[in-house]
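Below, the structure written as structure tokens:
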């Protein structure tokens, strides 16, 4: 497959997001669930999840069927799934009309319960993780997320699915193309592994592209699920991290993550005190805001990478200000599968764990409200046994 440019793929990603709403395998039956967490139903797999039925963000239990396990697929018994701010944006229609009912969730860990006849990378009983993609190009050299045929984990048209769209990880089981599944090391607790499948890879990928040297100054703007992982990962690479937050009561937490300095942004004018100070910045802010003062904190010819996805994907940026700062401004979309396995292994080896709060499925609606009110500390993880 030809590799698309980042601009082309991002336009395609936005176009497909806005447009939403409009092979059998030999499986050993003993490998499947004895209960309805993976019961075969005329070739499909009956499961339970928590879904939204409109833009309200209110969750209700929902029974549905997933597609049969194909020759190249893996069936996973989900143990935990965590909440990403992207779940909220998409389910509430911020990125375009959606088809309901829809089960979100793209930070997923569990146990392999069945594999297709062509699958060699996984076997029944393996610890497995799934992130933002579940099917698509398998020969794209770590650029799967930018391909036109990428099937994202929830809300994307899929004729194989009985519901007509991909359904995510706030559920008991999921069927995924084997290429888009990663191994979860035995020494990595499932609970802290889940957020690595989006928050981890989304910040790890640009950090690796920064090619950091010890002592480089890295800014992190927005200290939530993604931001706190960006701090931990950058510090682990030897960077001096400067954290920018609008939430004063996070200061001590942020220092504990390893940040050298915490800047509480009550007024963006304060950012100009740090103008031209940083070599790099990762911005995770998922809302509309004044980007220019943040860009100005980066040195000329330094890099500002935006990984947050605000409503309608749009940001405000002064072209004159960007020209004057001479900063390389770019955006990044998650990471490829090779990088995703890499960050999981790296965090396991270096004991870099997200800070999490465990919740039951019945608490998802309230947890979403807390995420929107910036009360999460710092990733909610759903115990799938409570679904």
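Numbering (our numbering), first residue to last: 45 to 431. From the three backbone atoms N, C-alpha and C, an ideal C-beta is built for every residue, glycine too.
- Look at the beta carbons and you see the segment 406-421 not touching the segment 251-262: under three pairs across the two are nearer than 8 angstroms.
- Taking each of 231, 252, 326 in turn and checking the Cα distance to residue 382, the smallest one comes out for 252.
- A direct Cα-to-Cα measurement between residue 119 and residue 217 gives close to 7 angstroms.
- Looking at the DSSP output, residue 171 sits in a beta bridge with 155.
- Judged by DSSP in its simplified three-state form, residue 374 adopts strand.
- DSSP links residue 176 through a beta bridge to no other residue.
- Leaving aside the five residues that flank residue 325 on each side, the residues in its chain whose CB is nearer than 6 angstroms to its CB run, in chain order, 263, 342, 348.
- Counting every other CB atom within 10 Å of its CB across the protein chains shown gives residue 229 a total below 16, marking it as exposed.
- Put simply, of 164, 273, 340 the residue whose alpha carbon is nearest the alpha carbon of residue 323 is 340.
- DSSP lists 96 as the beta-bridge partner residues of residue 146.
- Residue range 381-394 is occupied by the alpha helix (DSSP H) that includes residue 391.
- With fewer than 16 other CB atoms across the displayed protein chains lying within 10 angstroms of its CB, residue 100 is exposed.
- Secondary structure of residue 218 (DSSP, three-state): strand.
- Remark: C-beta atoms of residue 177 and residue 164 do not approach each other more closely than 9 angstroms.
- Close CB contacts of residue 144 within its chain, under the 7 angstroms cut and outside five residues either way in sequence, are with 96, 97, 98 (chain order).
- DSSP places residue 141 outside both helix and strand once states are collapsed to three, so it counts as coil.
- Of the residues assessed, residue 179 falls on the buried side of the cut-off, its CB having 16 or more other CB atoms within 10 angstroms.
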